[in-house]
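For reference, the structure is listed below as structure tokens.
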Amino acid sequence: MFLKFKSEVESLLQDAIKAAGYKVETLCLETSDYADLASSVAFRLVPKYKKSPGRIAEDISRKIRIPEKTLVERAEAKGPYINFYVNREFLNQTALLILKEGEKYGSLPKKDKRIILEHTSTNPTGPLHVGRGRNPIIGDTLARIIRCAGYDVEIQYYVNDMGKQVATIVWGYDNIEQKALQKSERDKPDYDIVRYYRKATQIVAEHPDAESQIAQILGRYESGNASTIEKFRTVVNKCIDGQRQTLERLDITFDRYVWESQFVIDGSVKKVLEKLKKTKYIKREDGALALDLTSFGVEKDFVLTRFNGTTLYTTRDVAYHLWKFKHADVVINVLGEDQKLSMEQLKCALKILGLKKEPRIVFYSFVSLPEGRMSTRKGVVVNLDDLLDEACERAYIEVQKRRPELSEKEKRDIAEVVGMGAVRFDIIKVAPEKMMTFKWEDALDFEKQGAPFIQYSHARACSILKKAGEIKHKFDPSLLTAPEEIELIKKMAFLPSIVDSTAQDLKPYVVATYARELAETFNQFYRAVPVLKVEDALRDARLALVDCARIVLANVLGLLGITAPESM
RNA sequence: GGGCCCGUGGCUUAGCCCGGAUAGAGCGUCGGCCUUCUAAGCCGAAUGUCGGGGGUUCAAAUCCCCCCGGGUCCGCCA
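When we follow this note's numbering, the leftmost residue of the first sequence carries the number 2, and every step to the right adds one.
Structure, rendered in structure tokens:
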């Protein structure tokens, strides 16, 4: 509804500017504290027309003609600004639309565009840790938002099964005895694997001859040796399984796992190399192949192969990206900031190969520990599983305190939902490029206005509806005239435009901010406006409004991958 | 050393792309509100050289230049 209001305002303003005899290319429309939409276009016209901005705003606003059927209440010049306000019709239609669309409210019309979104894709060497924990949460939240915006999204996990790290584990699997390993920290397959990884890297550091054995293993894998392939599959699958278990708790799933080795086996990496070899960018140094990208403004050469001819990670990634673009119109990757250079190089290679499109990349910075970066290899990590357990435990203590009368199962269920929501929200609420330092006391501090706050608002709405019993379908939205009611409706009207802009900008924290504001607006309404204690038509109208709020809160939580509990 | 990112009240942060109304929030602090639909709530107060310095502009947190602090990457790792 807000988008419709905005487009009405745009055309009104456009016409008025013209009628007042001005010319300008941008309307400078923004949401504002002072109005539902405000234009600062008058400032823009000052230099050209040599009049005060106040005078220009006045000229324009005098020419604004609001038509009969519209969502615009009025427009007025306020100093240099031209302010626009929504009318009753806007509020009524918004409420009716939310009830009509229900769980679909907020989603946009289907677009005929296919998107492949890749996220997480970590090295399959052990359990997920908090250092890269932003990746699945950012990726999954974006996917939900983009789907809601009407795109056809496939979520992929790119399995890096061809790395030295995995070969190291395979070597360890063959050469290290069980009893030489530490006890597994958890009964999960990824925790089993990581022990081999840590022990093997330790041995390799002391016995350099192991390194050449590992290189041989990798060579056998790349050349398609069946028993080696079997071993790699076993190790990698164990890791992936463990990670999948962790992420399922956060309601994060993938549509497809794409194995890096597939592109070596099917020859597409070779094809990429052959093509690149024929270009003027290729250069050879000590037997290794590289692309000289200085003409693209990238100073560092893109090294494609080792001296022995084997390919490198980013080379294979080129083949993967060509494949992705064959299956999708838009490609989005969520990656750590350490991959920035490689991605620049990859984009250049795609250009050289004649591809017109390039992937859109959301970079995030790592979550580090106060003492530095996390490392799976060194074992300096906070595992995501531990964070999730702790979050859930902390939530349980809160539920216990507040709702002692609930059954054990109910308390556990609420704690799980609240704990997982808190973790997701805490990570998604800040811009991905901001650096984060992990501290247990911050990560588990739920007193903040975070996910529980929003979930609580939803539970409150549900509680009112439950007590009300049957809700009448017929109601008069015009009765909703309290300031808190009007604010709530206006806030709810924003959801589709938030979805639209976030799907464009790929900034999921905007949705988190919106969710918090919506919950706050609902809580203000809740406090100020009685629902069950009023009678007749007004009660029906307010119940309908509470139902609207319930719907919008649930939908926005859904976008964030957070469960909306009916009770907490 | 070079490239990219970040630097906003005690803490976490929005706004920066596209310059304009008193720089918005949250946490923490201080004070008020449970005989009203769940107080994981609501209301109020205090707290800011927008890292520093120049410049452009009628107007700079926002654009340009330099510097400082932190992160990250820098040809055969993934």
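For every residue, glycine included, the Cβ atom is placed at its ideal position computed from N, Cα and C.
Everything numeric in this text was worked out from a predicted model, so none of it was measured.
Could you tell me which of GLU178, PHE264, PRO531 sits nearest to TYR321, measuring between CA atoms?
It is PHE264.
Taking contact to mean at least 3 C-beta pairs separated by less than 8 Å, is the segment 474-493 in contact with the segment 123-138?
The segment 474-493 is not in contact with the segment 123-138.
Quick check for students: name the residue ranges of the alpha helix (DSSP H) that lie wholly in the segment 225-260, counting only runs of 4 or more.
Listed in chain order, the complete alpha helix (DSSP H) runs (minimum 4 residues) inside the segment 225-260 are 227-250.
Taking the alpha carbon of TYR23 as the point to measure from, which residue in LYS49, ASP34, ASP37, GLU11 has its own alpha carbon closest?
Among LYS49, ASP34, ASP37, GLU11, the Cα nearest to that of TYR23 is on LYS49.
Residue range of the alpha helix (DSSP H) that SER464 falls in?
Start and end: 452-469.
Do you know offhand how far GLY355's Cα is from LEU323's?
Straight-line Cα distance between these residues: approximately 10 Å.
Taking DSSP as the reference, what is the three-state secondary structure of GLY337?
If DSSP states are grouped into helix, strand and coil, GLY337 belongs with the strands.
Taking only three categories from DSSP, how would you classify MET437?
Looking at MET437 - three-state DSSP - the assignment turns out to be strand.
Report the three-state DSSP secondary structure of THR27 (helix, strand or coil).
In this structure, THR27 counts as coil in the three-state DSSP scheme.
Just reading off the beta strand (DSSP E) that ASP153 is part of, what are its end residues?
Here the beta strand (DSSP E) through ASP153 covers 153-160.
Would you report the Cα separation of ARG63 and ALA432, rounded to the nearest angstrom?
ARG63 and ALA432: Cα-Cα distance of roughly 42 Å.
Per DSSP, which one or two residues make a beta bridge with LEU290?
Answer is ARG285, bridged to LEU290.
Less than 8 Å between the C-beta atoms of LEU584 and SER33, yes or no?
Beyond the ends of the chain as shown, which are 2 and 569, falls residue 584; an answer cannot be given.
Grouping DSSP H, G and I as helix and E and B as strand, with all else coil, what is PHE297?
PHE297 falls in the helix class under three-state DSSP.
Taking just the CA atoms, how far does THR169 sit from THR306?
Going from the Cα of THR306 to the Cα of THR169 covers about 20 Å.
Would GLU119 and TYR174 qualify as a contact pair, given that the criterion is a beta-carbon distance under 8 Å?
No, these two residues do not count as a Cβ contact at 8 Å.
Could you give the DSSP three-state label for HIS328: helix, strand or coil?
HIS328: helix per DSSP, three-state reduction.
Roughly how many angstroms lie between the CA atoms of VAL332 and LEU143, to the nearest whole one?
For VAL332 and LEU143, the distance between alpha carbons rounds to 13 Å.
Cβ atoms of VAL557 and VAL512: under 8 Å apart, would you say?
A contact, by the Cβ cut-off of 8 Å.
What do you reckon, are the CB atoms on LYS348 and PHE364 nearer than 8 Å?
Cβ distance not < 8 Å, so LYS348 and PHE364 don't count as in contact.
Do ALA520 and LEU554 come within 8 Å of each other at the CB atom, strictly closer than that value?
In this structure, ALA520 lies closer than 8 Å to LEU554 by Cβ.
Does the structure place the segment 234-248 close enough to the segment 178-196 that three or more beta carbon pairs sit under 8 Å?
The answer is yes - the segment 234-248 touches the segment 178-196, with three or more Cβ pairs under 8 Å.
Just confirm the distance between the C-beta atoms of SER369 and THR438, as a whole number of angstroms; I'd bet it's less than 8 Å.
Correct: roughly 6 Å between the Cβ atoms.
If you run the structure through DSSP and keep just helix, strand and coil, what is THR377?
Reduced to three states, the DSSP call for THR377 is coil.
Quick check on TYR86: does DSSP put it in helix, strand or coil?
Strand at TYR86.
Tell me whether the beta-carbon of LEU480 lies closer than 8 Å to the beta-carbon of LEU539.
Yes, the Cβ-Cβ distance between LEU480 and LEU539 is below 8 Å.
Look up ILE362 in the DSSP assignment and give the residues it is bridged to.
Looking at the DSSP assignment, ILE362 forms a beta bridge with ASN334.
What residue range does the beta strand (DSSP E) around LYS79 cover?
Unbroken beta strand (DSSP E) run through LYS79: 73-79.
Please report the Cβ distance between TRP172 and ALA211, rounded to the nearest whole angstrom; I am assuming they are in contact, meaning their Cβ atoms lie under 8 Å.
TRP172 to ALA211, Cβ: 7 Å. Contact.
Check whether the segment 452-461 touches the segment 558-565, counting contact only when three or more Cβ pairs, one atom from each stretch, lie closer than 8 Å.
Short answer: they touch.
Would you report the Cα separation of LYS278 and VAL335, rounded to the nearest angstrom?
Between LYS278 and VAL335, the C-alpha separation is close to 29 Å.
State the DSSP-derived secondary structure class of ASN309, mapped to helix, strand or coil.
ASN309: coil per DSSP, three-state reduction.
Taking the C-alpha atoms as reference points, what is the distance between ILE18 and GLN505?
So the alpha carbons of these two residues sit roughly 29 Å apart.
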